[in-house]
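Data first, discussion second: the structure below is written as structure tokens.
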Amino acid sequence: MSIRVVLTTTWSKAGWVIATRQRRHRSSALCSHHPSVRAIPAVRFSSDALGGSKFPHTLETVCSAVNRQVGAVMDYPKETQELNRSLYSQIEPYSSGFLKVSDIHTLYWEQSGNPSGYPVVFLHGGPGGGTTANNRQFFDPEFYRIILFDQRGAGKSTPHACLEENTTWDLVSDIELLREHLQIPEWQVFGGSWGSTLALAYSQKHPDKELDWFYEGGAAAIFPDAWEPFRDFIPENERSCFMEAYHKRLNSTDVHTKLMAAKCWTTWETKTAHLIPNEETINRGNDDMFALAFARIENHFFVNKGFFPSDSHLLDNIDKIRHIKTIIVQGRYDVCCPMMSAWDLHKAWPEAEFIVVPDAGHSANEVGIAAELVAANEKLKNMIKVRDI
Numbered sequence: 001m002s003i004r005v006v007l008t009t010t011w012s013k014a015g016w017v018i019a020t021r022q023r024r025h026r027s028s029a030l031c032s033h034h035p036s037v038r039a040i041p042a043v044r045f046s047s048d049a050l051g052g053s054k055f056p057h058t059l060e061t062v063c064s065a066v067n068r069q070v071g072a073v074m075d076y077p078k079e080t081q082e083l084n085r086s087l088y089s090q091i092e093p094y095s096s097g098f099l100k101v102s103d104i105h106t107l108y109w110e111q112s113g114n115p116s117g118y119p120v121v122f123l124h125g126g127p128g129g130g131t132t133a134n135n136r137q138f139f140d141p142e143f144y145r146i147i148l149f150d151q152r153g154a155g156k157s158t159p160h161a162c163l164e165e166n167t168t169w170d171l172v173s174d175i176e177l178l179r180e181h182l183q184i185p186e187w188q189v190f191g192g193s194w195g196s197t198l199a200l201a202y203s204q205k206h207p208d209k210e211l212d213w214f215y216e217g218g219a220a221a222i223f224p225d226a227w228e229p230f231r232d233f234i235p236e237n238e239r240s241c242f243m244e245a246y247h248k249r250l251n252s253t254d255v256h257t258k259l260m261a262a263k264c265w266t267t268w269e270t271k272t273a274h275l276i277p278n279e280e281t282i283n284r285g286n287d288d289m290f291a292l293a294f295a296r297i298e299n300h301f302f303v304n305k306g307f308f309p310s311d312s313h314l315l316d317n318i319d320k321i322r323h324i325k326t327i328i329v330q331g332r333y334d335v336c337c338p339m340m341s342a343w344d345l346h347k348a349w350p351e352a353e354f355i356v357v358p359d360a361g362h363s364a365n366e367v368g369i370a371a372e373l374v375a376a377n378e379k380l381k382n383m384i385k386v387r388d389i
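So in UniProt numbering, spot 130 of the sequence shown is number 130, and the numbers just go up one at a time.
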């Protein structure tokens, strides 16, 4: 079996790799080229951003506080127009279905593009973010057979927002089950944010971590207006560890408490995912189902340190994939997954090409990052064509 890997900037919230303590490296964007494993990574790492003050009593208070404070929002029509110039046109799936991967979990999957094309599987971020239609647009639909699926508990997969039997290694196993189910001998793996880390874990059978910047103070210095509602949701006497405080509320038996916590968590992330807050990203966080899955699953992984054996697991094992042709794509002003993590990955893996997008934050839908990801896929596509001549 031959695997190719592509990762985008996000998990660890520092690019797209993984982070320590409460968050793991999220590898920004990875793509490779090797006879058995190919990856192009873009890395992001993050942490816990902390602060402290009053406790809003209603969900409306939380959301309105954030909306009042974070005033500057990207000119959405203009940004969308620029983004669409970088991406391929929207397409619809030609097939979809559900795959039972355990006694508990069933995953949604879909295929689009060229049924006879080179297979590429997209690993979404979060954990718990789920896939969206525009994820298909990173790939040339005439060349690629594009496979998307929602990881355990996310998107259309069932049961919704379920944390049981939901670990990194369960997800790694699911990727392989899906490949076998679709009868694919080799494929390219494209990971976005947390998906980058997952792609690395899948390709190497091990990951890397680093998680304290985003949820413990760093990002709050840049987005204090978005941070304070997230902070203020937690009583002052529990602010020594926001990860645990949110974990308690996200797993509360009280439905209202659980939803309020999920909305606060998701709003904080969506407000900081772009260099300039993006209306579409923020609005996605307003959906109750999305917020519950995203916040609960992401927090579950962070509290459990990504289910990795050590904080430096990926970097310690980089020799296993050093031979892979890799491209790292990182937004310089990514506060979710600061550039430091991508830089650390690059230093440990100098053979990888390292691309910094100077006017971008965290999201793969930043115009500059999207353009570099499409370019990375084009490079990989051309390498495949040359190899197969």
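Cβ coordinates follow ideal geometry from the N, Cα and C atoms, glycine included.
Assign Pro350 to one of three DSSP states: helix, strand, or coil.
Residue numbering aside, residue 350 sits at position 350 when the sequence shown is read from its first letter. Coil at Pro350, not helix or strand.
Counted within 10 angstroms of its Cβ, other Cβ atoms place Glu269 as buried (16 or more) or exposed:
Within the sequence shown, the letter at position 269 stands for residue 269. With 16 or more Cβ atoms within 10 Å of its Cβ, Glu269 is classed as buried.
Buried or exposed for Pro159, please, with buried defined as at least 16 other CB atoms from any protein chain shown within 10 angstroms of its CB.
Locating residue 159 in the sequence shown gives position 159, counting from the first residue. By the neighbour-count rule (16 or more Cβ atoms within 10 Å), Pro159 is not buried but exposed.
His313 classed as buried or exposed, judged by whether at least 16 other C-beta atoms fall within 10 angstroms:
Against the sequence shown, residue 313 aligns to sequence position 313. Classification for His313: buried.
Cβ distance (whole Å) where Asn360 is taken to contact Arg332 below 8 Å:
Here residue 360 is taken as the residue at index 360 of the sequence shown, counted from 1. Here residue 332 is taken as the residue at index 332 of the sequence shown, counted from 1. The sequence given here has Ala at residue 360, not Asn. About 7 Å separates the beta carbon of Ala360 from that of Arg332, a gap short enough to meet the 8 Å contact definition.
Ser240, buried or exposed, once every other Cβ within 10 Å from all chains shown has been counted against 16:
Position 240 of the sequence shown holds residue 240. So Ser240 counts as exposed.
Mapping DSSP to helix, strand and coil, what is Gly195?
Mapped onto the sequence shown, residue 195 falls at position 195. Correct three-state label for Gly195: helix.
Could you give the DSSP three-state label for Val6: helix, strand or coil?
Reading the sequence shown from its first residue, position 6 is the one you call residue 6. The pLDDT assigned to Val6 is 48, lower than 50, so where the model puts this residue is not dependable; a value taken from the coordinates is nonetheless given after this. Val6 falls in the strand class under three-state DSSP.
For the alpha helix (DSSP H) that Val303 lies in, which residues bound it at each end?
For the purposes of this step, residue 303 is taken as the residue at position 303 of the sequence shown. Segment Asp288 to Val303, the alpha helix (DSSP H) holding Val303.
Contact the region 117-124 vs the region 253-265: 3+ CB pairs below 8 Å
The region 117-124, when compared against the region 253-265, does not touch it at the 8 Å Cβ threshold.
Evaluate the contact criterion for the region 102-116 versus the region 150-157: three or more CB pairs, one atom per stretch, below 8 Å.
Here the region 102-116 lies against the region 150-157, with 3 or more beta-carbon pairs under 8 Å apart.
Member of Gly113, Asn278, Gly128 and Phe190 whose CA lies at the smallest distance from the CA of Thr326
Reading the sequence shown from its first residue, position 326 is the one you call residue 326. Thr326 has its Cα closest to that of Phe190, out of Gly113, Asn278, Gly128 and Phe190.
With a CB to CB cut of under 6 Å and the five nearest residues on each side skipped, what residues in its chain are close to Gly71?
Position 71 of the sequence shown, counting from 1, holds the residue named residue 71. For Gly71, the pLDDT reaches just 47, beneath the cut-off of 50, and the residue's location in the model is therefore unreliable, although a value from the coordinates is still provided. Excluding sequence neighbours, Gly71 sits near nothing in its chain.
Let's see if you can read the secondary structure: which residues bound the beta strand (DSSP E) around Leu148?
Mapped onto the sequence shown, residue 148 falls at position 148. Leu148 -> beta strand (DSSP E) spans Tyr144 to Phe149.
Neighbourhood of Leu171 by C-beta, 7 Å cutoff - its chain only, sequence neighbours within 5 removed
Locating residue 171 in the sequence shown gives position 171, where the first residue counts as 1. So the qualifying residues of the chain are Gln151, Arg152 and Leu198.
Spatial distance of Asn251 from Glu164 (CA atoms)
The sequence position of residue 251 within the sequence shown is 251, counting from 1. The sequence position of residue 164 within the sequence shown is 164, counting from 1. Asn251 and Glu164: Cα-Cα distance of roughly 12 Å.
Relative to the alpha-carbon of Leu200, which residue among Val303, Gln137, Ser86 and Asp319 has its alpha-carbon at the smallest distance?
As a working note, residue 200 is residue 200 in the sequence shown. Of Val303, Gln137, Ser86 and Asp319, the residue nearest in Cα terms is Asp319.
Tell me the rounded alpha-carbon separation between Ser86 and Pro185.
Position 86 of the sequence shown, counted from the start, is the residue given in the question as residue 86. Position 185 of the sequence shown, counted from the start, is the residue given in the question as residue 185. Each residue's alpha carbon lies about 30 Å from the other.
Do you know offhand how far Ala295's Cα is from Phe302's?
Counting from 1 along the sequence shown, the entry for residue 295 is found at position 295. Counting from 1 along the sequence shown, the entry for residue 302 is found at position 302. Approximately 10 Å between the Cα atoms of the pair.
For Ile355 and Leu380, what's the separation of their Cα atoms in angstroms?
Looking up residue 355 in the sequence shown gives position 355. Looking up residue 380 in the sequence shown gives position 380. Approximately 15 Å, taken between the alpha carbons.
Our contact map puts Trp187 next to Pro119 with C-beta atoms below 8 Å; I'd like the distance itself, whole angstroms only.
Here residue 187 refers to the residue found at position 187 of the sequence shown. Here residue 119 refers to the residue found at position 119 of the sequence shown. 4 Å between Cβ atoms; contact.
I need the DSSP call for residue 406, collapsed to helix, strand or coil.
Residue coverage of the chain in this structure runs from 1 to 389, which leaves residue 406 outside it and unanswerable.
Measuring only the C-alpha atoms, how far is Gly130 from Lys263?
Reading the sequence shown from its first residue, position 130 is the one you call residue 130. Reading the sequence shown from its first residue, position 263 is the one you call residue 263. Using only the alpha carbons, I get a separation of about 16 Å.
What are the boundary residues of the beta strand (DSSP E) that Tyr108 is part of?
Taking the sequence shown and counting its residues from 1, one reaches residue 108 at position 108. Per DSSP, Tyr108 belongs to the beta strand (DSSP E) from Thr106 to Gly113.
Considering just the uninterrupted stretch of the alpha helix (DSSP H) at Ile276, what are its terminal residues?
Position 276 of the sequence shown, counted from the first residue, corresponds to residue 276. Counting along the chain, Ile276 falls outside any alpha helix (DSSP H), and DSSP gives it neither H nor E.
For Arg145 and Gln111, believed in contact at Cβ under 8 Å, the rounded distance
Translated into the one-based positions of the sequence shown, residue 111 becomes position 111. Translated into the one-based positions of the sequence shown, residue 145 becomes position 145. With a Cβ gap of about 6 Å, Gln111 and Arg145 count as contacting.
Taking the CB atoms as reference points, tell me whether residue 408 and Glu298 lie closer together than 8 Å.
A question about residue 408 goes unanswered here, because the residues of the chain that appear run from 1 up to 389.
Can you look up Thr266 in the DSSP assignment and give me helix, strand or coil?
Here residue 266 refers to the residue found at position 266 when the sequence shown is read from its first residue. Helix, per DSSP.
Between Ser196, Gly306 and Arg322, which lies nearest to Lys347 when the distance is taken from Cα to Cα?
Along the sequence shown, read from residue 1 onward, the residue named residue 347 stands at position 347. Restricting attention to Ser196, Gly306 and Arg322, the CA atom closest to the CA of Lys347 is found in Arg322.
Report buried or exposed for Met339, applying the criterion of at least 16 other Cβ atoms within 10 angstroms of its Cβ.
Start at 1 with the first residue of the sequence shown, and residue 339 comes out as number 339. Met339 should be labelled buried.
Where does the unbroken beta strand (DSSP E) through Leu123 begin, and where does it stop?
Here residue 123 is taken as the residue at index 123 of the sequence shown, counted from 1. Note, Leu123: beta strand (DSSP E), Tyr118 to Leu123.
Quick one: Cα of Asn134 to Cα of Gln90, how far?
Against the sequence shown, residue 134 aligns to sequence position 134. Against the sequence shown, residue 90 aligns to sequence position 90. Cα to Cα, the separation comes out at about 7 Å.
Can you give me the Cβ contacts of Thr281 inside the same chain, cut-off strictly under 6 Å, excluding the 5 residues immediately before and after it?
Here the question's residue 281 lines up with position 281 in the sequence shown. For Thr281, where only same-chain residues beyond five positions count, the Cβ hits under 6 Å are Thr270 and Ala273.
Buried/exposed call for Glu236, threshold 16 Cβ in 10 Å:
To locate residue 236, count along the sequence shown from 1; it is residue 236. So Glu236 ends up on the exposed side.
Whole-angstrom Cβ separation of Thr344 and Leu315, contact assumed at under 8 Å?
As a working mapping, residue 344 is identified with position 344 in the sequence shown. As a working mapping, residue 315 is identified with position 315 in the sequence shown. Note that residue 344 is Asp in the sequence shown here, rather than Thr. About 7 Å separates the two Cβ atoms, so the contact holds.
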